[in-house]
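Anchor point for the sequence shown: position 53 equals 53 in the UniProt record's numbering, and the numbering is continuous, going up by one each time. First comes the structure, then the notes that go with it.
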Amino acid sequence: MALIASKIMTLSREQFILLLLALIGLGFLVQQTQQPPLQTSLWRGGALSTQRVARQSLSAAFAPQSATEHPSGNPLRNPRTVITQGYGVGSHAPASVWGGIDLAVDGDGDGKADPQGTWRAPVYATHDGVARVRPDTWPGGNYLAIENNRYKTAYAHLDSYAVVDGQPIVRGQLIGYVGSTGMSSGPHLHYEVWEHGINRDPLDFDVLRHEW
Numbered sequence: 001m002a003l004i005a006s007k008i009m010t011l012s013r014e015q016f017i018l019l020l021l022a023l024i025g026l027g028f029l030v031q032q033t034q035q036p037p038l039q040t041s042l043w044r045g046g047a048l049s050t051q052r053v054a055r056q057s058l059s060a061a062f063a064p065q066s067a068t069e070h071p072s073g074n075p076l077r078n079p080r081t082v083i084t085q086g087y088g089v090g091s092h093a094p095a096s097v098w099g100g101i102d103l104a105v106d107g108d109g110d111g112k113a114d115p116q117g118t119w120r121a122p123v124y125a126t127h128d129g130v131a132r133v134r135p136d137t138w139p140g141g142n143y144l145a146i147e148n149n150r151y152k153t154a155y156a157h158l159d160s161y162a163v164v165d166g167q168p169i170v171r172g173q174l175i176g177y178v179g180s181t182g183m184s185s186g187p188h189l190h191y192e193v194w195e196h197g198i199n200r201d202p203l204d205f206d207v208l209r210h211e212w
């Protein structure tokens, strides 16, 4: 050890620095060989990889909490439902107030809306949520909305309600009856779908499927 120490003492400053760096590198290499190999697989035991956690979190953010919170089906639940006004801007309404479809019932089987067959036809919720009852509005007349954290559906021109404001609602529950209140030329249901505050085409939600 004394001989080694004396040799070190005779090294130049540059040689000493190079020797020190070499010893540090050797120590790091020894330490690495004593550690377990790195885990490169996405799955180890009960832990989720960062990639999988990110994907699952993203999916959860855009998925409804349950299937029944997603609007689906015909609010009239009648196989003879007909569309009297499609989605978009109609000639009778400006874009600022038109964002749904009009539904009626073909009561006599001729393929056309029947006012008598439509009048007071039962209306059912198409998803779970909370009722927002708004009577005597303009232009919607007796208006009802059902809201949850992601979706809102609207039902306008009702004759009367079967629920009260703030009541929890489940899909398929009777919520009211078709009328002709507000700005309406005859009995029909104006139906709207909103997702995260954005108006959607109800036809994208199986609105003509009467079997739930």
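Think of the CB as a built atom: it goes at the ideal place given N, C-alpha and C, for glycine as much as any other residue. Remember, predicted model here, so these are calculated numbers, not experimental data.
### Query
If we call anything under 8 Å between Cβ atoms a contact, is E69 one with N148?
By one-based count along the sequence shown, residue 69 stands at place 69. By one-based count along the sequence shown, residue 148 stands at place 148. For E69 and N148, yes; Cβs fall inside 8 Å.
### Query
Just reading off the alpha helix (DSSP H) that P139 is part of, what are its end residues?
Within the sequence shown, residue 139 is the residue found at index 139, counting from 1. Per DSSP, P139 belongs to no alpha helix (DSSP H) and is neither H nor E.
### Cβ-based burial, P79 [other Cβ within 10 Å; buried from 16]
For the purposes of this step, residue 79 is taken as the residue at position 79 of the sequence shown. Its Cβ having fewer than 16 others within 10 Å, P79 is exposed.
### Query
Between G186 and L158, is the Cβ-Cβ spacing less than 8 Å?
Within the sequence shown, residue 186 is the residue found at index 186, counting from 1. Within the sequence shown, residue 158 is the residue found at index 158, counting from 1. No, the pair does not count as a contact, with Cβ atoms beyond the cut-off.
### Task
Keeping to the same chain, check which residues put their C-beta closer than 6 Å to that of E192; ignore five residues upstream and five downstream.
The residue given as residue 192 occupies position 192 in the sequence shown. Closer than 6 Å at Cβ, skipping near neighbours: G99, G100 and A154.
#### Entry: Same chain, Cβ closer than 7 Å to Q116, five either side skipped, listed in chain order
Locating residue 116 in the sequence shown gives position 116, counting from the first residue. Around Q116: G107.
### Task
To the nearest angstrom, report how far apart residue 242 and T181 are at their CA atoms.
Residue 242 is absent from the model: the chain starts at 1 and stops at 212.
### Task
Please check the pair Y177 and P122, which I expect to be a contact at CB under 8 Å, by giving their CB distance rounded to whole angstroms.
Taking the first residue of the sequence shown as 1, we reach residue 177 at position 177. Taking the first residue of the sequence shown as 1, we reach residue 122 at position 122. The C-beta distance from Y177 to P122 rounds to 6 Å, short enough to fall under 8 Å.
#### Entry: Close beta carbons around M183, own chain, < 6 Å, minus the five adjacent residues each side
Taking the sequence shown and counting its residues from 1, one reaches residue 183 at position 183. These residues qualify, in order along the chain: P139.
### Task
Compare the beta carbon distance of I146 and A162 with 8 Å and say whether it is the shorter of the two.
On the sequence shown, residue 146 is found 146 positions in, with the first residue counted as 1. On the sequence shown, residue 162 is found 162 positions in, with the first residue counted as 1. In this structure, A162 does not lie closer than 8 Å to I146 by Cβ.
### Sequence-distant residues of the same chain with beta carbon closer than 8 Å to D102, five excluded per side
Translated into positions along the sequence shown, residue 102 becomes position 102. Result list for D102: I83, T84, Q85, H188, L189, H190 and Y191, in chain order.
### Same chain, Cβ closer than 6 Å to K152, neighbours up to 5 away in sequence not counted
Here the question's residue 152 lines up with position 152 in the sequence shown. Same-chain partners within the cutoff: A145 and W194.
### Beta-bridge pairing of E195 - partner residues as DSSP gives them
Locating residue 195 in the sequence shown gives position 195, where the first residue counts as 1. DSSP, once it has assigned bridges, lists Y151 and I198 as partnering E195.
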